[in-house]
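For reference, the structure discussed in these notes is given below.
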Amino acid sequence: MNPSIACNPVAESKKALRRRLLETRLHAASEPGVQAALERRLLDVLKRYDVASVGFYWPLAGEFDARGAIAVWLASGAHREASLPIVKERGVPLEFHVWTPDTPMQVGHHNIPEPVSGRVAIPDLLFVPCVGFDAAGYRLGYGGGYYDRTLAAWPGAQRPVTVGIAYEACRLEALQREAHDIPLDLIVTEAGLHARPD
Numbered sequence: 015m016n017p018s019i020a021c022n023p024v025a026e027s028k029k030a031l032r033r034r035l036l037e038t039r040l041h042a043a044s045e046p047g048v049q050a051a052l053e054r055r056l057l058d059v060l061k062r063y064d065v066a067s068v069g070f071y072w073p074l075a076g077e078f079d080a081r082g083a084i085a086v087w088l089a090s091g092a093h094r095e096a097s098l099p100i101v102k103e104r105g106v107p108l109e110f111h112v113w114t115p116d117t118p119m120q121v122g123h124h125n126i127p128e129p130v131s132g133r134v135a136i137p138d139l140l141f142v143p144c145v146g147f148d149a150a151g152y153r154l155g156y157g158g159g160y161y162d163r164t165l166a167a168w169p170g171a172q173r174p175v176t177v178g179i180a181y182e183a184c185r186l187e188a189l190q191r192e193a194h195d196i197p198l199d200l201i202v203t204e205a206g207l208h209a210r211p212d
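Using my numbering, count along the sequence shown one by one with no gaps and you end on 212.
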């Protein structure tokens, strides 16, 4: 674990912890070889789960850019679909719209590009960005609650497989949890795959 974040995260405020982890994440993202290692891990996850529809995210500062791995995955098999989240309005679940590398984009809420395909998708597997994560599969995000709301209100009987994308330097022993927090099934980092304990 990164010594700069080795304090007790449960006792630290989420705001302060998020600030420190964002800085740690920016540093980790700049390390040589990390991006290539993460791309290989993502492709391993996609091969392992063999799903047809994948949701992911548009990268913000320090976040792993999954577009290359998703483009490779789309090109290497038939009947595959990728999608990006659309924020229809603050405080409501995300909606996922189909994306390809050629899809026109527009700036949406929070100044994040969104596809203009207009085609709604329901992913079988969802890649989720993490500011930090813990050994039990819980993540720290930006504090907007979008992914927790989205998973809680997921259409249909079965939620997607949820895979967090993070850097090993942002792994903590335990995060402060709230009642609405939903653990992820798997966290992928440049160092390996961290499955949620049973």
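The C-beta atom is built at its ideal place from N, Cα and C for all residues, glycine as well. Owing to the predicted nature of the structure, the values given are computational and were not obtained by experimental measurement.
*asked:* So the candidates are Gly151, Pro107, Gly76 and Leu189; which of them puts its Cα closest to the Cα of Ala167?
replied: Locating residue 167 in the sequence shown gives position 153, counting from the first residue. Taking only the C-alpha atoms, the option nearest Ala167 is Pro107.
*If you draw a straight line from the alpha carbon of Val177 to that of Val112, how long is it in whole angstroms?*
On the sequence shown, position 163 is the one that residue 177 refers to. On the sequence shown, position 98 is the one that residue 112 refers to. When rounded, the distance between both Cα atoms is 19 Å.
*Three-way DSSP call (helix, strand, coil) for Leu140 in this model*: The residue you call residue 140 lines up with position 126 of the sequence shown. Three-state DSSP puts Leu140 in a strand.
_Can you look up Ile179 in the DSSP assignment and give me helix, strand or coil?_
Here residue 179 is taken as the residue at index 165 of the sequence shown, counted from 1. Looking at Ile179 - three-state DSSP - the assignment turns out to be strand.
*Under the rule that 16 or more other beta-carbon atoms within 10 Å means buried, what is Arg33, buried or exposed?*
As a working note, residue 33 is residue 19 in the sequence shown. Result: exposed.
*Short check: CB of Glu204 to CB of Ala51, under 7 Å?*
Residue 204 sits at position 190 when you count from the first residue of the sequence shown. Residue 51 sits at position 37 when you count from the first residue of the sequence shown. Cβ distance < 7 Å, so Glu204 and Ala51 count as in contact.
*Would you be able to state if there are at least three C-beta pairs under 8 Å between the segment 90 to 109 and the segment 128 to 137?*
yes
*asked:* Considering Cα atoms alone, identify which of Ala30, Glu192 and Phe147 is closest to Ile179.
replied: Position 165 of the sequence shown, counted from the first residue, corresponds to residue 179. Selected option, being the one with the closest Cα: Phe147.
*Please report the residue range of the beta strand (DSSP E) in which Ile126 lies.*
To locate residue 126, count along the sequence shown from 1; it is residue 112. Element bounds for Ile126: n/a, residue is neither H nor E.
*Taking Val202 as part of the beta strand (DSSP E), name the residues at either end of that continuous run.*
Translated into positions along the sequence shown, residue 202 becomes position 188. Taken as a continuous stretch (DSSP letters only), the beta strand (DSSP E) holding Val202 covers Leu200 to Thr203.
*Looking at Ala83 and Leu40, is the spacing between their C-beta atoms short of 7 Å?*
To locate residue 40, count along the sequence shown from 1; it is residue 26. To locate residue 83, count along the sequence shown from 1; it is residue 69. Their beta carbons are not under 7 Å apart, which means Leu40 does not touch Ala83 by this criterion.
_With three or more beta-carbon pairs closer than 8 Å as the criterion, would you say the segment 141 to 157 touches the segment 113 to 120?_
no
*First through last residue of the alpha helix (DSSP H) which encompasses Gln216*: Since the first residue of the chain shown is 15 and the last is 212, residue 216 is not available in this structure.
*asked:* Does Arg213 pass the burial test, meaning 16 or more other C-beta atoms within 10 Å, or should it be called exposed?
replied: With the chain covering only 15 through 212, there is no way to say anything about residue 213.
*Decide if Tyr156 is buried, meaning its Cβ has at least 16 other Cβ atoms within 10 Å, or exposed.*
In the sequence shown, the residue the question calls residue 156 occupies position 142. By the neighbour-count rule (16 or more Cβ atoms within 10 Å), Tyr156 is not buried but exposed.
*In or out: Gly69 buried (at least 16 other Cβ within 10 Å) or exposed?*
For this step, residue 69 is matched to residue 55 along the sequence shown. Classification for Gly69: buried.
*Any idea if Leu31 is buried or exposed, counting beta-carbon neighbours within 10 angstroms, 16 or more meaning buried?*
On the sequence shown, residue 31 is found 17 positions in, with the first residue counted as 1. Its Cβ being crowded by 16 or more others within 10 Å, Leu31 is buried.
_Going by C-alpha to C-alpha distance, which of Thr114, Tyr71 and Glu109 sits closest to Leu88?_
By 1-based counting over the sequence shown, the position of residue 88 is 74. Considering only alpha carbons, the answer is Thr114.
*asked:* Helix, strand or coil, according to DSSP, for Gly151 in the structure here?
replied: Sequence index remark: in the sequence shown, residue 151 carries index 137 (1-based). Three-state result, Gly151: coil.
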